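Below: the structure, in structure tokens.
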Amino acid sequence: MAERSPLDYGDRLGRLEGIIEQINDRLGSLERRMSSLEAQMSSLRSDLESRMSSLRSDLEGRMSSLESKLESRMNSLESSHRRDFRWLIGTMIGMWATMMGLLVTVTVKVFSG
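Each residue of the sequence shown is one higher than the one before, counting from -10 in my numbering.
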């Protein structure tokens, strides 16, 4: 086994220190990236929350508008239905009165002779 000289150990230590320095540089770069990504995530989260809030309020406004339009339409249909039903009852009463008048006329003519 060959004896190693202090120069070999110094050379190895120098390479190890270089490797450690590269690792530390990479760790620093990763930490900076992580910080940047965390800031972006925070920004995206707040942007998403504000957009969701805006969409929610827009949806609630549209739902309210649709509810009022539906209520108005239902009221309109209800009054129209009442009007049609009253017209039908009036027509039926008129027909009944006409039939009764004809019946009375025919009865009078038949029995009067």
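Glycine included, C-beta positions come from ideal geometry on N, C-alpha and C. Quick caveat, the model's predicted, so the values are computed rather than measured.
- DSSP, reduced to helix, strand and coil, places Ser53 within a helical segment of the structure shown.
- Ser46 and Ser53 have their C-alpha atoms some 10 Å from each other.
- Assigned with DSSP and collapsed to three states, Ser32 falls in helix.
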